[in-house]
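Below is one structure, written out as structure tokens; comments come after it.
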């Protein structure tokens with residue numbers, strides 16, 4: 048995790064949790080002169096638009112005071128949704144048995160994209176079964192990972 052993301056996580060997660068929500072994860076996407084700060088929130092019975100508005104207002108106030116981002120940015124507060132992104136080893140562990148789509152920062156065994164069955168966690172590695180081949184992907188190499196929703 049980059050130091051900017053760590054700084055934002057340390058600043059914003061306690062605010063989200065003080066409001067009674069889980070801070071599922073934070074994305075900071077730098078796009079030249081204008082960036083995107085996306086904060087995912089969750090709670091046991093789901094997230095409504097009102098929840099996002101409430102958290103957004105609080106986070107905006109903290110961000111205005113602390114000013115951790117020097118460039119222009121847009122704050123977006125969102126539910127993780129059905130195709131929820133995965134950020135931590137605990138989140139991967141909670142979704143063992145699900146289909147996942149993972150994109151790495153740099154190639155691993157000649158590829159950056161993996162789609163398959165999440166088998167588990169071994170130390171700091173995420174275990175994914177892709178086409179009858181098991182891959183151990185170091186979590187610090189994962190750029191983006193999402194659950195693939197099942198519709199039954």
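In our numbering, the protein residues as written are 48 to 199. We treat Cβ as the ideally placed atom computed from N, Cα and C, and that holds for glycine.
{"Query": "Straight-line gap, residue 100 to residue 118 (C-alpha atoms, nearest Å)", "Result": "23 Å"}
{"Query": "Reduced DSSP secondary structure (H/G/I, E/B, other) of residue 124", "Result": "strand"}
{"Query": "Classification of residue 76 by the beta-carbon crowding that lies within 10 angstroms, buried from 16 upward", "Result": "exposed"}
{"Query": "Length-filtered (4 minimum) alpha helix (DSSP H) runs lying within the segment 86-123", "Result": "96-113"}
{"Query": "Buried or exposed (CB count within 10 angstroms, at least 16 for buried), residue 190", "Result": "exposed"}
{"Query": "Nonlocal neighbours in the same chain, by C-beta distance under 6 Å from residue 177, ignoring five residues either side", "Result": "161, 163"}
{"Query": "Residue 186 (DSSP reduced to helix, strand or coil)", "Result": "helix"}
{"Query": "Own chain, CB closer than 8 Å to residue 106, minus 5 neighbours either side, in chain order", "Result": "59, 62, 63, 86, 122, 124"}
{"Query": "Residue 133 versus residue 54 - alpha carbon distance", "Result": "19 Å"}
{"Query": "For residue 111 and residue 199, the rounded distance between their alpha carbons", "Result": "44 Å"}
{"Query": "Host alpha helix (DSSP H) of residue 77 (start-end)", "Result": "Note, residue 77: premise wrong, no alpha helix (DSSP H); not H, not E."}
{"Query": "C-alpha gap between residue 103 and residue 155, whole angstroms", "Result": "37 Å"}
{"Query": "Inter-residue CB distance, residue 193 and residue 148 (contact presumed, cutoff 8 Å)", "Result": "5 Å"}
{"Query": "Chain-order list of residues whose beta-carbon lies under 7 Å from that of residue 113 (same chain, five-residue window excluded)", "Result": "58"}
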